[in-house]
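Step one of this worksheet: look at the structure below.
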């Protein structure tokens with residue numbers, strides 16, 4: 303509006319947070335199956351679902367890591383969608399709406415650094431609960447105490463940190479790089495804006511998934527092994543540097559590729575496309591509409 307004061311950077315937080323929470327709740331079942339497939343390369347979605355239900359029953363979908371995942375995923379999506387336009391303004395000196403596909407993608411990738419630092423503890427807690435076939439953990443608090451007692455703060459809550467950072471950079475960068483490109487394509491071929499937004503978000507989410515799937519598989523394997531080792535007193539903790547060393551992460555990726563091939567690195571890819579493509583679709587629909595409802599840009 304003419305003469306109105308510039309909006310605060312925090313003005314967009316409520317609508318983005320609302321969209322993030324809705325997305326996290328809607329996509330949680332797909333996240334469970336994705337996590338199992340990726341932590342166990344070669345396991346298909348049907349086998350992952352069957353094994354999870356046998357171990358935990360259908361109630362497992364609301365017990366095993368639900369609180370940690372909803373908190374993690376909501377916080378994760380909120381941070382990146384809030385910071386991406388701010389990062390674009392700071393780095394490129396202009397509004398994100400005036401940016402190129404490349405500048406939008408770079409801003410998205412940069413927005414993930416505070417995101418990953420914030421969500422890593424919840425990511426490790428969530429994965430530990432989701433993969434707990436033997437029911438060694440009794441809820442989020444018990445899982446937290448165990449990891450903290452056996453591995454300390456950094457060694458327990460930041461397992462596989464560099465893999466998570468690479469994962470988020472690749473997905474978020476790929477998503478924002480291509481989202482408006484897909485919007486342009488679909489809007490010129492489809493008259494219905496809602497349908498166009500759904501397809502644009504899903505397609506951009508799949509692009510991000512294609513870029514980052516291998517990193518998610520490798521970090522899931524690393525985290526699974528590290529958590530399992532906490533129950534064996536004879537096993538020494540991994541060096542803390544392994545969690546932030548990209549060369550160690552790439553070494554583990556190469557070992558998995560040698561053992562399982564490209565299919566191993568992309569284990570769970572279809573269900574991950576459903577998970578993150580679906581997330582992208584929901585966010586592409588809800589974020590601009592929630593912002594409009596709140597009267598923010």
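In this note's numbering, the protein residues as written are 303 to 599. Ideal placement from N, C-alpha and C gives every residue a C-beta, glycine not left out.
Could you give the DSSP three-state label for residue 544: helix, strand or coil? The sequence position of residue 544 within the chain shown is 242, counting from 1. DSSP places residue 544 in helix when its eight states are reduced to three.
Less than 8 Å between C-beta atoms, sequence neighbours within five positions excluded: which residues of the same chain meet that for residue 501? Locating residue 501 in the chain shown gives position 199, counting from the first residue. If we look at residue 501 and ignore the five residues flanking it on each side, its Cβ neighbours are 484, 488, 492, 583.
Cα-Cα separation between residue 557 and residue 382, rounded to whole angstroms: Sequence index remark: in the chain shown, residue 557 carries index 255 (1-based). Sequence index remark: in the chain shown, residue 382 carries index 80 (1-based). Approximately 31 Å between the Cα atoms of the pair.
What separation, rounded to the nearest whole angstrom, lies between the Cα atoms of residue 473 and residue 452? As a first step, residue 473 must be located in the chain shown, where it is residue number 171. As a first step, residue 452 must be located in the chain shown, where it is residue number 150. In a straight line, the C-alpha of residue 473 is about 32 Å away from that of residue 452.
For residue 403, does the three-state DSSP call read helix, strand or coil? Counted from its first residue, the chain shown places residue 403 at position 101. Here residue 403 sits in helix by DSSP.
Leaving out the 5 sequence neighbours to the left and right, which residues in its chain are closer than 6 Å to residue 511 when beta-carbon positions are compared? In the chain shown, the residue the question calls residue 511 occupies position 209. 574, 575, 578.
Check each candidate in 544, 373, 398, 522 and name the one with the smallest Cα separation from residue 424. Along the chain shown, read from residue 1 onward, the residue named residue 424 stands at position 122. Ranking the options by Cα distance to residue 424, first place goes to 373.
Would you mind stating whether residue 632 and residue 386 have Cβ atoms separated by less than 8 Å? The displayed coordinates of the chain run from 303 to 599. Any statement about residue 632 would go beyond what the structure contains.
Nearest-angstrom Cα separation, counted from residue 497 out to residue 415: Sequence index remark: in the chain shown, residue 415 carries index 113 (1-based). Sequence index remark: in the chain shown, residue 497 carries index 195 (1-based). So the two alpha carbons sit approximately 32 Å from each other.
Does the distance from the CB of residue 390 to the CB of residue 405 come in under 8 Å? Within the chain shown, numbered from 1, the residue matching residue 390 stands at position 88. Within the chain shown, numbered from 1, the residue matching residue 405 stands at position 103. Yes; because the gap between Cβ atoms is below 8 Å, this pair is in contact.
Please confirm if the region 529-546 is in contact with the region 425-439, defined as three or more CB-CB distances below 8 Å between the two stretches. Segments in contact, yes.
By a C-beta neighbour count over all protein chains shown, 10 Å radius and 16 as the cutoff for buried, is residue 544 buried or exposed? Position 242 of the chain shown, counted from the start, is the residue given in the question as residue 544. Buried is the call here.
Taking only three categories from DSSP, how would you classify residue 335? Sequence index remark: in the chain shown, residue 335 carries index 33 (1-based). DSSP places residue 335 in helix when its eight states are reduced to three.
In whole angstroms, what is the alpha-carbon distance linking residue 306 and residue 392? By 1-based counting over the chain shown, the position of residue 306 is 4. By 1-based counting over the chain shown, the position of residue 392 is 90. With a pLDDT of 45 at residue 306, under the threshold of 50, the predicted position of this residue should be treated as unreliable, and no value is reported.
Less than 8 Å between the beta carbons of residue 464 and residue 548, yes or no? Residue numbering aside, residue 464 sits at position 162 when the chain shown is read from its first letter. Residue numbering aside, residue 548 sits at position 246 when the chain shown is read from its first letter. Yes, the Cβ-Cβ distance between residue 464 and residue 548 is below 8 Å.
List the endpoints of the continuous alpha helix (DSSP H) containing residue 573. Along the chain shown, read from residue 1 onward, the residue named residue 573 stands at position 271. Run containing residue 573: 571-574, per the alpha helix (DSSP H) assignment.
When DSSP labels each residue in this structure, what does residue 539 get in the three-state scheme? Working through the chain shown from its first residue, we reach residue 539 at position 237. Three-state DSSP puts residue 539 in coil, outside helix and strand.
Proximity of residue 461 and residue 388 at Cβ, strictly below 8 Å: By one-based count along the chain shown, residue 461 stands at place 159. By one-based count along the chain shown, residue 388 stands at place 86. Taking 8 Å as the Cβ cut-off, residue 461 and residue 388 do not qualify as a contacting pair.
Start and end residues, alpha helix (DSSP H) containing residue 454: What you label residue 454 is simply residue 152 of the chain shown in a count that begins at 1. It spans 442-459 - the alpha helix (DSSP H) in which residue 454 sits, taken as one unbroken run.
Buried or exposed: residue 417, going by 16 or more other Cβ atoms within 10 Å of its Cβ? Counted from its first residue, the chain shown places residue 417 at position 115. By the neighbour-count rule (16 or more Cβ atoms within 10 Å), residue 417 is buried.
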